[in-house]
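S.K.: Heads up: the sequence shown is residues -24 to -1, 1 to 299, going by mature numbering (1 follows the signal peptide of the UniProt record, and there is no 0).
From the three backbone atoms N, C-alpha and C, an ideal C-beta is built for every residue, glycine too.
First the structure, which I've put down as structure tokens, then a few questions once you've had a look.
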Amino acid sequence: MKCLHTLFKKQVLFILVGFSYVSATVVSTSPPTSKVKVQSYDYVAGKSFTGKIYVKNIDLTKVVSVIYSDATGDWNNNANLVKAAFSESISDTSYEFWTFSSSPISSIKEFYIKYDVSGKTYYDNNGSVNYVVTTPPPITTTSSSPTSTVTETPPTSTFTAFPSEGISRSAMIRNINPPEAAKGFIATSLSTSGPDYYYSWTRDSALDSYVMANDYNTTLKGDATIVGLLKDYVTYSINAQSTSTACNCLGEPKFNADGSSFTGAWGIPQNDGPAERGSSFILIAVNLLKQSSDDTYVTGTLKPGNFINYFSVKFSCNRCGHI
């Protein structure tokens, strides 16, 4: 903290040149009565387009898109779009926050939201007039002599949350159940070349599911979307453990998106994966009992000793002895 104090006492001169910025526009401060609604958005010309959306949790599988036109009003047949991703559930409501963040977009005139769920499509087009993005002229400031004193604001006594938490969670969930993949597939990366990491690493998937299981009992307590993803992961993992692999062991490090075994050259076995998977299965079971009292699923799928678990917790934990 002493270093931070020293930093903020420095006399710093900022020169901003050459880009346009629209400060955060807050549209709504509470969940709407409609199925989808913009909460806020930011746009920096040529830099970024970000925002947050209220989405009613109608079903587990849903797609939320931000569709925009460029400065000339061209919608490109509605192909100019940014995909939104789940961020967090809103306590005591049936709504979720979804966030979006685009790669650099040179210009935007207006946009609207499209929400596809359960075979239906809902829109937020700001009452049929769309959301108009007004970009001010470029800001250019000239240098000036720094003042002799800087007013220092003391740090607060408590810390409540990491601002990046929601962004990180969205990025993680975006890699779960991508299109055309087997249910429960957790991609280490959506990149398929340079490098190709579009596989489910046992280790990485276990760590992701552990985070989600913890969220299910804390930040996203009892969230239906999260529990659905966790159960998908359990199913994928059980199937993977009964799949023939190159090493013919549970230490097979990665699997393909369709659930089949990776047969290319790779360092095998990697025996930490089953141990981490076992830990995740245990936490999932514990938190399911706390939040949903889903005894049937826990005793029928996750409880040590039954047939299915022979391929899940028991096998994973037995493998720990070989690390």
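Would you give the residue range spanned by the alpha helix (DSSP H) that F25 belongs to?
M.R.: By 1-based counting over the sequence shown, the position of residue 25 is 49. Element bounds for F25: not the alpha helix (DSSP H) but the beta strand (DSSP E), 24 to 32.
S.K.: Output yes or no for whether 8 Å exceeds the beta carbon distance between V109 and Y19.
M.R.: Start at 1 with the first residue of the sequence shown, and residue 109 comes out as number 133. Start at 1 with the first residue of the sequence shown, and residue 19 comes out as number 43. Yes, the pair counts as a contact, with Cβ atoms nearer than the cut-off.
S.K.: Expressed to the nearest angstrom, what Euclidean distance is found between the alpha-carbon atoms of A251 and S236?
M.R.: Position 275 of the sequence shown, counting from 1, holds the residue named residue 251. Position 260 of the sequence shown, counting from 1, holds the residue named residue 236. Cα-Cα distance, rounded: 21 Å.
S.K.: Between T101 and V93, what straight-line distance do the alpha-carbon atoms span, to the nearest angstrom?
M.R.: Your numbering for residue 101 matches position 125 in the sequence shown. Your numbering for residue 93 matches position 117 in the sequence shown. Looking at the sequence itself, residue 101 is Asn, so the reference to Thr does not match. Between N101 and V93, the C-alpha separation is close to 17 Å.
S.K.: State buried or exposed for T178, treating a residue as buried only when at least 16 other CB atoms are found within 10 Å of its CB.
M.R.: Within the sequence shown, the letter at position 202 stands for residue 178. The residue in question, T178, is buried, as its Cβ has 16 or more Cβ neighbours within 10 Å.
S.K.: Is DSSP giving Q267 helix, strand or coil here?
M.R.: In the sequence shown, counting from the first residue as 1, residue 267 sits at position 291. Three-state DSSP puts Q267 in a helix.
S.K.: Can you give me the Cβ contacts of S220 inside the same chain, cut-off strictly under 8 Å, excluding the 5 residues immediately before and after it?
M.R.: Walking along the sequence shown from the start, residue 220 turns up at place 244. Excluding residues within five positions, the ones whose Cβ falls inside 8 Å are S237.
S.K.: Taking only three categories from DSSP, how would you classify Y88?
M.R.: To locate residue 88, count along the sequence shown from 1; it is residue 112. Strand at Y88.
S.K.: Let me know if D50 comes out buried or exposed under the rule of 16 or more other beta-carbons within 10 Å of its beta-carbon.
M.R.: On the sequence shown, residue 50 is found 74 positions in, with the first residue counted as 1. By the neighbour-count rule (16 or more Cβ atoms within 10 Å), D50 is not buried but exposed.
S.K.: If distances are taken between C-alpha atoms only, which option among E228, S104, D180 comes closest to W242?
M.R.: Translated into positions along the sequence shown, residue 242 becomes position 266. Nearest of E228, S104, D180 to W242, Cα basis: E228.
S.K.: Of all the options Y44, D199, A47, which has the alpha carbon lying nearest to the alpha carbon of K266?
M.R.: Taking the first residue of the sequence shown as 1, we reach residue 266 at position 290. Checked all of Y44, D199, A47; the closest Cα to K266 is D199.
S.K.: Under 8 Å by Cβ, that's how I've got T97 and Y91 pegged, so tell me the actual separation to the nearest angstrom.
M.R.: As a first step, residue 97 must be located in the sequence shown, where it is residue number 121. As a first step, residue 91 must be located in the sequence shown, where it is residue number 115. Indeed they touch by this definition, with Cβ atoms about 7 Å apart.
S.K.: Please name the residue in Y71, S213, I43, V2 whose C-alpha comes closest to that of A158.
M.R.: Position 182 of the sequence shown, counting from 1, holds the residue named residue 158. When only C-alpha atoms are compared, the closest one is S213.
S.K.: Who are F231's beta bridge partners in DSSP?
M.R.: Numbered from its first residue, the sequence shown carries residue 231 at position 255. Answer is S176, S237.
S.K.: Using a 10 Å radius around the Cβ and a threshold of 16 neighbouring Cβ atoms, would you call L166 buried or exposed?
M.R.: Position 190 of the sequence shown, counted from the first residue, corresponds to residue 166. Counting Cβ neighbours within 10 Å, L166 comes out exposed, since fewer than 16 surround it.
S.K.: Quick one: what's got a C-beta closer than 7 Å to R253's C-beta in the same chain, skipping five residues either side?
M.R.: Position 277 of the sequence shown, counting from 1, holds the residue named residue 253. Contacts found: T178, A182, S213, S292.
S.K.: Alpha carbons only, please: which of I244, K32, G204 is nearest the one belonging to C223?
M.R.: Taking the first residue of the sequence shown as 1, we reach residue 223 at position 247. For the residues I244, K32, G204, the minimum Cα distance to C223 belongs to I244.
S.K.: Which first and last residues belong to the beta strand (DSSP E) in which S104 is found?
M.R.: Walking along the sequence shown from the start, residue 104 turns up at place 128. Taken as a continuous stretch (DSSP letters only), S104 belongs to no beta strand (DSSP E), as it is neither H nor E.
S.K.: Starting from A216 and walking both ways along the alpha helix (DSSP H), at which residues does that stretch end?
M.R.: Translated into the one-based positions of the sequence shown, residue 216 becomes position 240. Its alpha helix (DSSP H) spans residues 200 to 217.
S.K.: Within this structure, are the beta carbons of A163 and S176 separated by less than 8 Å?
M.R.: Numbered from its first residue, the sequence shown carries residue 163 at position 187. Numbered from its first residue, the sequence shown carries residue 176 at position 200. Yes, these two residues count as a Cβ contact at 8 Å.
S.K.: Would you identify the three-state DSSP class for I162, choosing helix, strand or coil?
M.R.: For the purposes of this step, residue 162 is identified with residue 186 of the sequence shown, where counting begins at 1. Looking at I162 - three-state DSSP - the assignment turns out to be strand.
S.K.: For V42, count the other beta carbons within 10 Å of its own beta carbon; 16 or more makes it buried, fewer makes it exposed. Which is it?
M.R.: Numbered from 1 along the sequence shown, position 66 holds the residue referred to as residue 42. So V42 ends up on the buried side.
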